[in-house]
Structures are given as structure tokens and as C-alpha cells.
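In the working numbering, the protein residues as written are 148 to 673.
1. Apart from the five residues just before and just after residue 416, which ones in its own chain have a Cβ nearer than 6 Å to its Cβ?
2. Relative to the C-alpha of residue 446, which residue among 538, 359 and 316 is closest?
3. So who's on the other strand from residue 635, going by DSSP bridges?
4. According to DSSP, is residue 556 helix, strand or coil?
5. Whose C-alpha, out of 632, 337, 426 and 636, is nearest the C-alpha of residue 310?
6. Between the Cα of residue 508 and those of 542, 381, 291 and 192, spot the shortest distance and give me the residue it belongs to.
7. What's the gap between the Cα of residue 521 and the Cα of residue 186?
8. Within the segment 516-583, note down every full alpha helix (DSSP H) run reaching 4 residues or more, in order along the chain.
9. Which residue comes first and which comes last in the beta strand (DSSP E) that contains residue 335?
10. For residue 190, does the three-state DSSP call read helix, strand or coil?
11. Would residue 567 be called buried (16 or more neighbouring beta carbons within 10 Å of its own) or exposed?
12. Name the DSSP bridge partner or partners of residue 596?
13. To which residues of the same chain is residue 489 closer than 6 Å at the C-beta, ignoring the five residues directly before and after it?
14. Hey, out of 662, 198, 312 and 302, whose CA is closest to residue 635's CA?
15. Less than 6 Å between C-beta atoms, sequence neighbours within five positions excluded: which residues of the same chain meet that for residue 559?
16. So, does the segment 526-534 touch the segment 293-307, judging by three or more C-beta pairs under 8 Å?
17. Output needed for residue 613: all residues of its chain with C-beta closer than 7 Å, excluding positions within five of it in sequence on either side, in chain order.
18. Would you say residue 597 and residue 537 are within 8 Å of each other, going by their C-beta atoms?
19. Quick one, which of 385, 648 and 406 has its alpha-carbon nearest residue 615's?
20. In terms of DSSP beta bridges, what is residue 622 paired with?
21. Quick check: what's the CA-CA separation for residue 543 versus residue 380?
22. Evaluate the contact criterion for the segment 468-478 versus the segment 653-664: three or more CB pairs, one atom per stretch, below 8 Å.
23. Using a threshold of 8 Å, state whether the C-beta atoms of residue 497 and residue 453 are closer than that.
24. Over the uninterrupted alpha helix (DSSP H) stretch that includes residue 384, give me the two end residues.
25. Within 10 angstroms of the Cβ of residue 213, are there 16 or more other Cβ atoms? Answer buried if so, exposed if not.
26. Measuring only the C-alpha atoms, how far is residue 224 from residue 622?
27. Have a look at 188, 482, 198 and 289 and flag the residue whose alpha-carbon is nearest the alpha-carbon of residue 505.
28. How many Å lie between residue 336 and residue 421 at the Cα?
29. Going by beta-carbon coordinates alone, are residue 189 and residue 209 separated by less than 8 Å?
30. How long is the line joining the alpha carbons of residue 272 and residue 626, rounded to whole angstroms?
31. Does the Cβ of residue 593 have 16 or more other Cβ atoms within 10 Å, making it buried, or fewer, making it exposed?
32. At a cut of 8 Å, does the segment 369-377 reach the segment 337-348 through at least three beta carbon pairs?
33. Helix or strand or just coil, what does DSSP make of residue 665?
34. For residue 362, which of helix, strand or coil comes out of DSSP?
35. Got a sec? Which residues, its chain only, sit under 8 Å from residue 389 by beta carbon, not counting five neighbours each side?
36. What does DSSP give as the partner residues of residue 393 in its beta bridges?
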């Protein structure tokens, strides 16, 4: 693995150096080269300023392009694109269409807003599949479901048990139990896979279950796992009978879109049990080792019809990467298997966000949930790097009397992102937002609770990369039993935090604030 990293890095650096020297040398020999490069940069800036990109992203690229017109425009063409290639976008659209068809026929899926809402939203016809009766949903929550369902192949499910795990080690124990009970198939997808206690325990179970005839798919992000993968990772899995794929595999070419990573994290068993949240497959996530103090992470488990929504997300990207056309109907759990699950109150919607379109569904889902807040919004995030629009939403909520509480890490994993996170405190605190830092260590949980009846939990950080560059996933929940546990855990976590007050944010030295301004300007590129 180390040799591959060194070779890829050396090839990239060499190409950048050769490219820069070539531009410099040719511009010295012919003034037309410099003129053409400058015109390219002007054209790129014009394109950026007139695009649908966020203001912060426009600024972060425009400044370096104008400072270095000889290189800037061309470098943006190589590295600045936020979305995938046209070929990727077309393939993604095709596999999404297949997923949408599958989800419509999935047992337990509510294909429209049900019950009393039809009088308030008459354009929606009451259609229910899977033999399940309709439920009544608050109109604001129903509109959120409608928005999510209109944004991709996503469906609302009820009769799904939701279990919340406040720590990675608790979630991992439940995952191992679910894997041991797998009868037909297992699908796993993670941003980071690292050698250690956690992976070795998983590999033992996966290889044994594969030997028993269970179909297994494993997908990981090539860059996220680059420094961490066990030796012969893919070979060992394939030898055990496991199908394995890496997302957006790294290579020495400059034109590859390295920004678009697969940050999703989930495990699905038999289409009946599914886990997602912040944990990757690495020992720090279960506190088997300590890197940044105590590692606080959270996970949600779905049992019942809603688990299939996560399975659909997995095979959409698996088919995109592998070129397969997975027979989803053959993997569906039977009605009898679903009816044997314990079930639970409320509604769940699995959804993902992708760089293969212009929509930031991750942010839109958060924003939609906050827009219905009446008394409280609780957010937990390892990185707080909001755009001006996002900050304005927090400020408006706080100033309108809604209690807004945000927990961030007390010990960071990335010092520069931590600096950007802290640079955002002052405006929020002055507006009345309560900001806390988790003093025992690093909090990696990504979740929001609104009014104790609606919640989102998944992989989506509150930063530019998660909202606009990465593949992400989350579960939206309404009146599920897990939400009460999430709220209780938030209160318990607050007791271990220190609150950031006005005196603290106003006492920051001027030179540090100046450094923060620079970091914030270029934070979309971090």
C-alpha cells in the first residue's frame, strides 16, 4: 500500500511541476502563451461568477485565479469541478431510475403522503403499497417527505424499529450480531477501512458467512482508505468469496476528479436490518485505541421495511462503480420476513446526497427540518463550516426565540478545520446560538434533532465537502422511538461539554482572527 501511495503522489507532483514549468517556459518564448492563459483564466472566472455555485466557493477559486492568471484558470479546469464527469452523471441517472422503480414496489413503502394530509395537499393521491394501512403525519413533516421523495429514488417507510447507539463500540457489537445472523446477503460500504481489531473481527465473520453461502458485497472509498487498508485487502476478500469494489480509484492522472469521494457508511443485512451513522471501520471509532481523547460517535439501526431503503442506496452506487445491474427483486425480503420484524412507530426515509447533480440534498434536508422548528434545534457535528446562508438560518432561528444548540469537538482531528470551526463561533454566539465543545475528546456524530419529534442521523458533516463534493447518506425520522433516545443522549453529552460564551469569543487575539479570515475564505477548498 505504501508503494502505491508513493508512486501516485510522485506521479501527480511530477505532472504538476512539469505542467507549471512548461507554461512558464513557453510564455517566456512566446507572449501569446501568456495571453492565451490569461484569457482562459478570465473566461473561467466569468464562468464561476455566473454559475450556480455557492458564493464562498466562487470566492475561494476566483482569488487564486486572479492572483495567478498564468496557471489559475487551467488548474481550475483540472481540479475545480464539483460534479462528476458527464459519463458518471448519465450512468448515475440510469441506476437511479432503476432504484426508483424498485423502491415503488418495495414492501412497506409509503409512496405518497398519507391520511389526513390529502385534504391539505389535494394534488397527492393516497396510494399505499405492501398491504400496510395509512398513517397521519403533521403537514410540515409531510412536506419534508414529499420533498425528499421528489429529490431521488427515496421512499418513506413505517413499521420500522429504530434503535439508537450513542457510542461506536455499542453499535459495533450490534453490527457483529446482525452479521452473524445473516441468512442470504450482506452489503457494507465505508469511507475508511483500516487494519486493526475492528476490521479483523469483521473479516472473520464475513469470510465465514461467505463460506456458508451468504452473498457479500463490500465497497470502500479509495482515497479515504488509502493509508489504512490491510495488506492484500481486496485479494483476501475475493479469495473468501466476497465481492469488493473501490470508489473513484486513485491514479496518477491529473484529470481524475479526486474531490468526489464516497463518504457514506452503512451495513445492510438481508434487506431487513441496516446500520448507518458516523463510524468507519477503524479502531478509534470503537475506542479500541485513543487518537483524540474519547471518540464520541453515533449510529442508527433500522429493522423492518425501512432497511430496504438503505439497501437501495448501496446498490445504486455499487452498480455505478462496477457496471453491474444487480437483480434487486431477487434480494428483497419476503412479506413473511418483514412481518416477522418487531416494527416500530413513526416514519423513516433513507436518502443520499451526490456530487453528480446540482442539488445539495444534505443541506436542503437540514434546512427544511429547521424551517419547521417551533422551540428547539440540536445539532452535533465534528466540523462546523457553514456558508453565509447556513449561518443566516441559525441566526434567524435564535433571534426568533428558537433554542439552537450546537456541539463540536473539544479535541480536533484536523487543526485547520478546527480553526475554521471556531472562527464561526462569534457570529453565532452573539445571535444567541448556544455553542458547546465536547471536552473529553473528539465528537464525530452527525445528527440534528428538531422539537424532539424529527431527526436526521447519518454521515453528513456541516461543511462544504459533505454538502457539495461527497457521496453522503442519512436517515430522516419522524416520531420514531429512537428520537427520544437521541434527545436524552444530547442532554447527557451537554453535561460533558463547555459552553462557548461571549467573553471567550471576544477575547480572541487579533492575529488569530486575521488567520481565521484567511482560512474561512478558502475553507471550501479544504
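By construction, the Cβ of each residue, glycine as well, lies at the ideal position given by its N, Cα and C atoms.
From the atom records:
1. Against the chain shown, residue 416 aligns to sequence position 269. Excluding residues within five positions, the ones whose Cβ falls inside 6 Å are 325, 329 and 333.
2. On the chain shown, position 299 is the one that residue 446 refers to. Ranking the options by Cα distance to residue 446, first place goes to 316.
3. In the chain shown, residue 635 corresponds to position 488, counting from 1. Its beta-bridge partners do not exist; DSSP assigns none.
4. Stepping through the chain shown from its first residue, residue 556 is reached at position 409. Note: residue 556 maps to strand in three-state DSSP.
5. Here residue 310 is taken as the residue at index 163 of the chain shown, counted from 1. For the residues 632, 337, 426 and 636, the minimum Cα distance to residue 310 belongs to 632.
6. In the chain shown, counting from the first residue as 1, residue 508 sits at position 361. The shortest Cα separation from residue 508 among 542, 381, 291 and 192 belongs to 291.
7. Against the chain shown, residue 521 aligns to sequence position 374. Against the chain shown, residue 186 aligns to sequence position 39. Distance between the alpha carbons of residue 521 and residue 186: 52 Å.
8. 535-546, 562-570 and 572-578
9. Numbered from 1 along the chain shown, position 188 holds the residue referred to as residue 335. First-last of the beta strand (DSSP E) with residue 335: 332-337.
10. The residue labelled residue 190 in the question sits at position 43 within the chain shown. If DSSP states are grouped into helix, strand and coil, residue 190 belongs with the helices.
11. Residue mapping note: residue 567 aligns to position 420 of the chain shown, counting from 1. By the 10 Å Cβ count, residue 567 comes out buried.
12. As a first step, residue 596 must be located in the chain shown, where it is residue number 449. 525 and 602, per the DSSP bridge assignment.
13. One-based indexing of the chain shown puts residue 489 at position 342. Excluding sequence neighbours, residue 489 sits near 308.
14. Locating residue 635 in the chain shown gives position 488, where the first residue counts as 1. The residue with the shortest Cα to Cα distance from residue 635 is 312.
15. Taking the first residue of the chain shown as position 1, residue 559 is located at position 412. Hits under 6 Å: 565.
16. no
17. For the purposes of this step, residue 613 is taken as residue 466 along the chain shown, with counting starting at 1. Result list for residue 613: 410, 509, 607 and 619, in chain order.
18. Taking the first residue of the chain shown as position 1, residue 597 is located at position 450. Taking the first residue of the chain shown as position 1, residue 537 is located at position 390. For residue 597 and residue 537, no; Cβs fall outside 8 Å.
19. Here residue 615 refers to the residue found at position 468 when the chain shown is read from its first residue. Among 385, 648 and 406, the Cα nearest to that of residue 615 is on 406.
20. As a working note, residue 622 is residue 475 in the chain shown. Paired residue(s): 497 and 604.
21. In the chain shown, counting from the first residue as 1, residue 543 sits at position 396. In the chain shown, counting from the first residue as 1, residue 380 sits at position 233. Each residue's alpha carbon lies about 49 Å from the other.
22. no
23. Your numbering for residue 497 matches position 350 in the chain shown. Your numbering for residue 453 matches position 306 in the chain shown. The answer is yes: Cβ separation under 8 Å.
24. Counting from 1 along the chain shown, the entry for residue 384 is found at position 237. Residue 384 -> alpha helix (DSSP H) spans 380-386.
25. Taking the chain shown and counting its residues from 1, one reaches residue 213 at position 66. So residue 213 ends up on the exposed side.
26. Start at 1 with the first residue of the chain shown, and residue 224 comes out as number 77. Start at 1 with the first residue of the chain shown, and residue 622 comes out as number 475. Taking the straight line joining both Cα atoms gives about 35 Å.
27. In the chain shown, the residue the question calls residue 505 occupies position 358. Out of 188, 482, 198 and 289, 198 has the C-alpha closest to the C-alpha of residue 505.
28. As a first step, residue 336 must be located in the chain shown, where it is residue number 189. As a first step, residue 421 must be located in the chain shown, where it is residue number 274. Distance between the alpha carbons of residue 336 and residue 421: 11 Å.
29. Translated into the one-based positions of the chain shown, residue 189 becomes position 42. Translated into the one-based positions of the chain shown, residue 209 becomes position 62. No. Outside cutoff.
30. Translated into the one-based positions of the chain shown, residue 272 becomes position 125. Translated into the one-based positions of the chain shown, residue 626 becomes position 479. Caution applies to residue 272, whose pLDDT of 31 falls short of 50 and renders its modelled position unreliable; the value that the coordinates give is listed next. Near 23 Å, if we compare the C-alpha coordinates of residue 626 and residue 272.
31. In the chain shown, the residue the question calls residue 593 occupies position 446. Counting Cβ neighbours within 10 Å, residue 593 comes out buried, since at least 16 surround it.
32. yes
33. Within the chain shown, the letter at position 518 stands for residue 665. In the structure shown, residue 665 sits in a helix (DSSP, three-state: H, G or I).
34. On the chain shown, residue 362 is found 215 positions in, with the first residue counted as 1. Strand.
35. Numbered from 1 along the chain shown, position 242 holds the residue referred to as residue 389. These residues qualify, in order along the chain: 353, 354, 357, 363, 364 and 365.
36. As a working mapping, residue 393 is identified with position 246 in the chain shown. 367, per the DSSP bridge assignment.
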